[in-house]
Amino acid sequence: MTILLTGGTGKTATPLAKLLPKGQHSRTIGHPEGVRFDWLDASTYRIPFDADDNIDRVYLVAPAIIDVFPPMKAFIDFAIQKGVKRFVLMSATMLKEGGPMMGKVHEYLHSCEVDYCALRPSWFFDNLLLHYSDTIRKHDEIVNAAGSGLIGWISTDDIADVAFKAFTDKVIEHTNPVMVGPELLSYAQIAQIMSDVFGRKITHRTISADEYKKIVVRRGFPEEWAALVSATDLSIAEGAEEKVFKQADFMGERRLRDFIESYRDAEEWKSV
Numbered sequence: 467m468t469i470l471l472t473g474g475t476g477k478t479a480t481p482l483a484k485l486l487p488k489g490q491h492s493r494t495i496g497h498p499e500g501v502r503f504d505w506l507d508a509s510t511y512r513i514p515f516d517a518d519d520n521i522d523r524v525y526l527v528a529p530a531i532i533d534v535f536p537p538m539k540a541f542i543d544f545a546i547q548k549g550v551k552r553f554v555l556m557s558a559t560m561l562k563e564g565g566p567m568m569g570k571v572h573e574y575l576h577s578c579e580v581d582y583c584a585l586r587p588s589w590f591f592d593n594l595l596l597h598y599s600d601t602i603r604k605h606d607e608i609v610n611a612a613g614s615g616l617i618g619w620i621s622t623d624d625i626a627d628v629a630f631k632a633f634t635d636k637v638i639e640h641t642n643p644v645m646v647g648p649e650l651l652s653y654a655q656i657a658q659i660m661s662d663v664f665g666r667k668i669t670h671r672t673i674s675a676d677e678y679k680k681i682v683v684r685r686g687f688p689e690e691w692a693a694l695v696s697a698t699d700l701s702i703a704e705g706a707e708e709k710v711f712k713q714a715d716f717m718g719e720r721r722l723r724d725f726i727e728s729y730r731d732a733e734e735w736k737s738v
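The numbering of the sequence shown is my numbering, which starts it at 467 and goes up by one.
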């Protein structure tokens, strides 16, 4: 068994790699055992297989574009030709089979004669560092359009545990697991946890979807992506993630407070 981890330096592939026996996985560039891979450059698809012709399983982490299906389909087809028999796809709670983005990839994997698992986790703990650290650092506040909506925040380590089973179990028990953390939290509740941990007052401020879209664009994201992010916030405000939490197939054990405490001194959200 040899596993290719696309997105090998990312939030979920990194803890997954730690669970895999040494020598039983390949990773993308950025690690000693990594190789070059670019979703948008089909000439790189062969590089991992040239490095190790025993690859029979692939972890699929989509490129950071809206229309992920064309390049992902092209690579899946290539990988199947190279003998890959099992795929584990990183998707999301709100992306059902046949839906947009990874939902189309999920549907395509279902149509292929391969084993597959489409992981559908809720929001990662790490998103707080990646998407809100600027306003936390500069203004001691989390700003978005999610209102008082609740989210079942999940640790990437819990996601990695499920992915590991999907790769190593003889038969994949659940091909479409919706995954959440152990508690529902609003951004206001998260701001309170941060206040307790950081020793300074952090607040949550709700703005309109259009206002938040402009903030995301200013952070350097394409307008189409920013529109998707702000629309997602509206769905959270309307209770979409809370509904998913009650129907989840897997509940992780790790808690958000522990994550925030472990990153208490992170430069990303130190006050300036």
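Cβ atoms here follow ideal geometry from the backbone N, Cα and C, with glycine treated the same way.
Helix, strand or coil: which one does DSSP assign to L596? Correct three-state label for L596: helix.
Under the three-state reduction of DSSP, which class applies to T672: helix, strand or coil? For T672, the three-state secondary structure derived from DSSP is strand.
When DSSP labels each residue in this structure, what does T468 get in the three-state scheme? Annotated three-state conformation of T468 is strand, per DSSP.
Is the beta carbon of A528 less than 7 Å from the beta carbon of V534? Less than 7 Å separates the beta-carbon of A528 from that of V534.
Please list, in chain order, all residues of the same chain as R666 whose beta carbon is under 8 Å from its beta carbon, the five residues on each side excluded. D606 and S737.
Local conformation of I521 per DSSP, three classes: The answer is strand: DSSP assigns I521 an E or B state.
Would you list the one or two residues that DSSP bridges to V644? Paired residues: R586.
To which residues of the same chain is C583 closer than 6 Å at the C-beta, ignoring the five residues directly before and after it? A distance below 6 Å between beta-carbons, with the five flanking residues on each side excluded, links C583 to the following residues of its chain, in chain order: V554, A632, I638 and T641.
Start and end residues, beta strand (DSSP E) containing I608: Segment E607 to N610, the beta strand (DSSP E) holding I608.
C-alpha gap between L595 and D507, whole angstroms: Each residue's Cα considered, the two are about 30 Å apart.
Can I673 and G615 be called in contact, C-beta distance under 7 Å? Contact check for I673 against G615 fails: the beta carbons are separated by 7 Å or more.
Grouping DSSP H, G and I as helix and E and B as strand, with all else coil, what is I702? Of the three classes helix, strand and coil, the one that applies to I702 here is helix, per DSSP.
Please name the residue, chosen from F591, S696 and Y525, that lies closest to G718 on a Cα-to-Cα basis. Looking at the Cα atoms, F591 is the closest of the given residues.
In its own chain, which residues sit with a C-beta less than 6 Å from the C-beta of I495, not counting the 5 before and 5 after it? Because the pLDDT of I495 is 36, which lies under 50, any placement of that residue in the model is unreliable, and the question is left without a value.
Where do the N-terminal and C-terminal ends of the alpha helix (DSSP H) with L485 fall, by residue? Run containing L485: A479 to L485, per the alpha helix (DSSP H) assignment.
How is the beta strand (DSSP E) around M567 delimited, first residue to last? No beta strand (DSSP E) holds M567; DSSP gives it neither H nor E.
Could you name the residues of the same chain whose beta carbon sits closer than 6 Å to that of D624, not counting the 5 residues immediately before and after it, in chain order? Sequence-distant partners of D624 (beyond 5 residues in either direction) whose C-beta falls short of 6 Å from its own C-beta, in its chain, are G718 and R720.
Residue range of the alpha helix (DSSP H) that includes M560: The continuous stretches of alpha helix (DSSP H) do not include M560, and DSSP gives it neither H nor E.
Determine the closest residue to M660 out of S728, P688, E689 and I469, with distance taken between C-alpha atoms. Residue S728 is the option with its Cα nearest to M660.
Straight-line CA distance for D581 to A692? Taking C-alpha positions only, D581 is separated from A692 by approximately 34 Å.
How about A732 and V646: are their beta carbons less than 7 Å apart? No; because the gap between Cβ atoms is not below 7 Å, this pair is not in contact.
What residue does the alpha helix (DSSP H) around V554 start on, and which one ends it? Not the alpha helix (DSSP H): V554 falls in the beta strand (DSSP E), residues R552 to M556.
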